[in-house]
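Report on the structure given below.
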């Protein structure tokens, strides 16, 4: 009830009313331009001019649709994915064929044809509710200021601006009745305008946004680029870790062993063999060898944890055992997913549990993994402070990109004060 009563005073209500009015000239121009170009283009197809005019109509409709999308984004908050860049084939005929075959342009033409009557409807509904409501609300003041005069059927002069049949609202009680009757009209106005504007909210993504196939291609191109960049970054990290870590240890090992060999192979009778120095060099070489082994083992574990060979459930149990926060693990995996999916799920769980330990202030966490209908669903829940947000550019952003490379989804529900639930959904079939 409170939402209903405050609706006329919200920014959204006035933005929708303004949109309904401003869209009329845009829709009228778009419809008229598309109609005229289409008529002339079809009429002149027997000549060499008709097809270029049709192509102009298609590409013009596509460009003008961008104006509608911009207005809807600014005033309604409707976010529509951008269209793919127009890439014509070479040559004049290639350009003409590409324009005439542009699916987004033809869908934009359909939008402009439908938008014109819809914009008229939006303007009529907006004008009827708001103008009549506001006029009725201030009717007593208008009657005093304008002092309207009219004559009824009996020749009697009436000072009324509103009448219903022979009923003239020319007295103060009747004038106040008009004002009171305006209140429900004004309360209903935002919802009536919102209902017709909602039709445009549905049309814009459907006809001015990319088609499902085009969006799918764009997603695949983006995820492929992410996968390539991730692989390149992983290779650079491995190369850097090998160069700065294990390789440096092995070089020091070789140097120490070489120096120890020189000490042991000395034949200078005047300088006795320095066994203690040789032993020190060998001990140092042994230490470097052990550290190199540890670094190589950690590097290999970062590429593919060996515990995953035993299955995702065992890997998650090991991960939970090493967590700084107590973690309960529940798994129900009837069919083992591909190794790639298991690896992504494992690293997602590792990153999420690391966030729980470092940022959430939680005292416990629960990891639940289930495989149903070809999808792996993993949720990580904690009783911490909440406030986790993917858009802040934390490690969660990297997880979103990682799961997208295999058509996965990451959802975060983390209201201030908690709890936080992160859900990862991945395809469980190769």
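Numbering (our numbering), first residue to last: 10 to 439. Yeah, the Cβ is synthetic: ideal placement off N, Cα and C, and Gly gets one too.
Endpoints, the beta strand (DSSP E) within which residue i is located
i           : result
residue 430 : 429-436
residue 386 : 384-391
residue 488 : There is no way to answer for residue 488, as the model of the chain reaches only from 10 to 439.
Contact under 8 angstroms by Cβ, residue i with residue j
i           : j           : result
residue 350 : residue 436 : yes
residue 190 : residue 149 : no
residue 374 : residue 202 : no
residue 84  : residue 36  : no
residue 114 : residue 68  : yes
residue 120 : residue 80  : no
residue 323 : residue 433 : no
residue 362 : residue 336 : yes
residue 76  : residue 213 : no
residue 41  : residue 118 : no
residue 30  : residue 49  : no
residue 205 : residue 131 : yes
residue 340 : residue 378 : yes
Nearest to residue i (by Cα), restricted to the options the options
i           : options            : result
residue 133 : 198, 92, 89, 109   : 198
residue 358 : 188, 325, 90, 141  : 325
residue 406 : 39, 360, 211       : 360
residue 428 : 409, 383, 372      : 372
residue 94  : 111, 422, 377, 438 : 111
residue 139 : 193, 339, 43       : 193
residue 366 : 330, 96, 77, 214   : 330
residue 345 : 333, 318, 335, 410 : 318
residue 32  : 117, 124, 14, 48   : 124
residue 200 : 14, 431, 409       : 14
residue 384 : 417, 204, 338      : 417
residue 412 : 46, 386, 55        : 386
residue 219 : 108, 328, 90       : 90
residue 151 : 187, 426, 438, 129 : 187
residue 147 : 352, 420, 195      : 195
residue 129 : 145, 100, 38, 19   : 38
residue 370 : 315, 414, 426      : 426
residue 122 : 71, 378, 414, 420  : 71
residue 210 : 96, 82, 289        : 82
residue 438 : 18, 348, 408       : 348
residue 394 : 368, 419, 414, 382 : 368
residue 333 : 19, 21, 364        : 364
residue 92  : 391, 74, 22        : 74
residue 356 : 96, 145, 408, 397  : 408
Per-residue DSSP class, three states only, for residue i
i           : result
residue 377 : strand
residue 345 : coil
residue 58  : coil
residue 188 : helix
residue 278 : Confidence at residue 278 is low in this model, with a pLDDT of 48, below 50, so its placement is unreliable and no value can be given for it.
residue 15  : helix
residue 334 : coil
residue 363 : helix
residue 3   : Here the chain has residues from 10 to 439 only, and residue 3 is not among them.
residue 327 : helix
residue 352 : helix
residue 340 : strand
residue 399 : helix
residue 193 : helix
residue 296 : helix
Continuous alpha helix (DSSP H) stretch holding residue i: start and end
i           : result
residue 130 : 112-146
residue 39  : 20-52
residue 372 : Here residue 372 belongs to no alpha helix (DSSP H), and DSSP marks it neither H nor E.
residue 216 : Run containing residue 216: none; DSSP gives neither H nor E here.
residue 465 : Because the chain spans 10 through 439 in this model, residue 465 falls outside it and cannot be assessed.
residue 317 : Note, residue 317: premise wrong, no alpha helix (DSSP H); not H, not E.
residue 100 : 100-109
Residue-level contact to chain B via CB, residue i, 8 angstroms cutoff
i           : result
residue 331 : Chain labels in this structure do not include chain B; a single protein chain is all it has.
Inter-residue CB distance, residue i and residue j (contact presumed, cutoff 8 angstroms)
i           : j           : result
residue 389 : residue 380 : Wrong, their Cβ atoms sit about 16 angstroms apart, outside the cutoff.
residue 104 : residue 60  : Incorrect: roughly 11 angstroms between the Cβ atoms, too far for contact.
residue 208 : residue 127 : 6 angstroms
residue 107 : residue 116 : The Cβ separation is near 16 angstroms, so there is no contact.
residue 109 : residue 64  : 5 angstroms
residue 422 : residue 430 : 5 angstroms
residue 78  : residue 217 : 5 angstroms
residue 447 : residue 321 : Since the first and last residues shown for the chain are 10 and 439, residue 447 lies out of range.
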